[in-house]
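The UniProt record's numbering applies: residue 1 is where the sequence shown begins, and numbers increase by one. No residue lacks a Cβ here, since even glycine has one placed at the ideal position from N, Cα and C. As the structure is a computational prediction, the values presented were derived from the model and not from experiment. Structure, as structure tokens:
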Amino acid sequence: MNSWQKNNKDPFSLAREWMVRDQIEARGIKDKRLLKVMRKIPRHLFVDEALRDQAYNDYPLPIGEGQTISQPYIVALMTEALELKGQEKVLEIGTGSGYQTAILAELAQSVFTIERVPTLMQRAKAILDSLGYFNVAYKTGNGTLGWPEVAPFQGIIVTAAAPEIPQPYVEQLDIGGKLVIPLGDKFSQVLYKIIKLPDGRIKKEYLCGCRFVPLVGIYGWSE
């Protein structure tokens with residue numbers, strides 16, 4: 001521990017500032033509420049202790065069970081695309097580390113998050129509870145089915161890649177709602193923002209090329 005760390009209660013606060021300024025703002029993310037939240041949330045708590053010194057670098061990190069925590073810029077890009085104002089109900093597919101969940105919990109009224117790997121869900125929930133995020137509901141299971149019991153959602157964010165848009169997501173998305181999802185094969189994808197129009201049709205907007213782990217389930221990839 002260096003002298004700067006000894007004199008600061010949070011030795012990662014400067015790293016968070018650099019992350020937001022150099023990786024996120026510099027690449028065009030403008031949502032002020034989002035930027036404030038990403039300066040606040042301790043991303044290092046959502047990764048293994050051995051990787052904490054890399055937590056604010058602009059690349060994904062392993063979190064176990066073959067899953068990853070997405071790079072900060074992609075997290076910011078996907079979140080900004082939802083255009084959250086604070087009153088929304090959001091569905092998250094792929095809880096993973098829980099970092100994206102924390103960001104959504106700060107920006108939306110309520111978050112419903114689904115994770116198919118029980119150990120990841122348990123770990124994420126423990127971290128989120130310890131940080132005081134109690135506007136989050138958790139479900140372990142097949143994320144490709146969505147969460148029909150509590151639909152519709154004003155936002156749906158999918159942190160795994162599907163071969164095509166799962167129909168349950170379209171059905172559970174509110175009119176005017178936004179779905180952010182990577183689509184493609186298992187090795188490379190395109191990140192899209194999907195908007196549900198008043199007549200029930202959808203509009204697709206290209207965001208960027210990307211690479212995510214596969215979305216596993218009935219409307220995704222097999223194990």
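Residue i classed as buried or exposed, judged by whether at least 16 other C-beta atoms fall within 10 angstroms
{"i": "Q5", "result": "Low local confidence applies: a pLDDT of 38 at Q5 is under 50, so the model's placement there is unreliable, with the coordinate-based value given in what follows. Q5 comes out exposed."}
{"i": "C210", "result": "buried"}
{"i": "S97", "result": "buried"}
{"i": "G146", "result": "buried"}
{"i": "K30", "result": "exposed"}
{"i": "Q67", "result": "buried"}
{"i": "L215", "result": "buried"}
{"i": "G220", "result": "buried"}
{"i": "S13", "result": "exposed"}
{"i": "R123", "result": "buried"}
{"i": "P166", "result": "buried"}
{"i": "P168", "result": "buried"}
{"i": "A108", "result": "buried"}
{"i": "A162", "result": "buried"}
Closest Cα partner of residue i within the set the options
{"i": "S70", "options": "E17, A108 and G94", "result": "G94"}
{"i": "residue 224", "options": "I114, I218, I175 and P118", "result": "Residue coverage of the chain in this structure runs from 1 to 223, which leaves residue 224 outside it and unanswerable."}
{"i": "A76", "options": "F12, F112, I41 and S13", "result": "I41"}
{"i": "E115", "options": "L45, L107, Q109 and Q100", "result": "Q100"}
{"i": "E223", "options": "N142, I194 and Y138", "result": "N142"}
{"i": "A160", "options": "A108, F46 and T144", "result": "T144"}
{"i": "V37", "options": "I63, P72, R52 and P62", "result": "P72"}
{"i": "E65", "options": "L128, L120, L45 and P168", "result": "L120"}
{"i": "P152", "options": "A102, V190 and L91", "result": "L91"}
{"i": "L34", "options": "Q54, A102, L61 and L45", "result": "A102"}
{"i": "F46", "options": "A162, A137, E25 and D129", "result": "D129"}
{"i": "G86", "options": "P11, E25 and K32", "result": "K32"}
{"i": "C208", "options": "S110, A137 and I74", "result": "I74"}
Alpha carbon of residue i to alpha carbon of residue j, nearest angstrom
{"i": "D199", "j": "K9", "result": "52 Å"}
{"i": "Q23", "j": "D174", "result": "32 Å"}
{"i": "Y206", "j": "L197", "result": "17 Å"}
{"i": "L179", "j": "E17", "result": "28 Å"}
{"i": "A15", "j": "Y56", "result": "6 Å"}
{"i": "R39", "j": "Y59", "result": "17 Å"}
{"i": "V150", "j": "F212", "result": "27 Å"}
{"i": "K204", "j": "P182", "result": "12 Å"}
{"i": "G176", "j": "E88", "result": "12 Å"}
{"i": "K139", "j": "T113", "result": "6 Å"}
{"i": "V170", "j": "I195", "result": "9 Å"}
{"i": "D48", "j": "I63", "result": "7 Å"}
{"i": "E106", "j": "G28", "result": "21 Å"}
{"i": "R52", "j": "R201", "result": "43 Å"}
{"i": "P118", "j": "K193", "result": "28 Å"}
{"i": "A126", "j": "P148", "result": "25 Å"}
{"i": "V20", "j": "Q172", "result": "32 Å"}
{"i": "V190", "j": "M78", "result": "12 Å"}
In DSSP terms, what residue i is bridged to
{"i": "S110", "result": "K89"}
{"i": "A161", "result": "P214"}
{"i": "F153", "result": "L173"}
{"i": "A137", "result": "F112"}
{"i": "L179", "result": "I156 and I194"}
{"i": "W221", "result": "V216"}
{"i": "K203", "result": "I195"}
{"i": "P67", "result": "The sequence shown places Gln at residue 67, not Pro. Q67 is bridged to G64."}
8 Å Cβ cutoff, residue i in contact with chain D
{"i": "I195", "result": "In the displayed structure, chain D is absent; only one protein chain is listed."}
Are three or more beta carbon pairs between the region 141–156 and the region 82–90 nearer than 8 Å? The region 141–156 makes contact with the region 82–90, as at least three CB pairs between them are under 8 Å.
Check whether the region 182–199 touches the region 119–137, taking contact to mean three or more Cβ pairs, one atom from each stretch, closer than 8 Å. Using a Cβ-Cβ distance cut-off of 8 Å, the region 182–199 and the region 119–137 are not in contact, since fewer than three pairs of beta carbons, one from each stretch, lie closer than that value.
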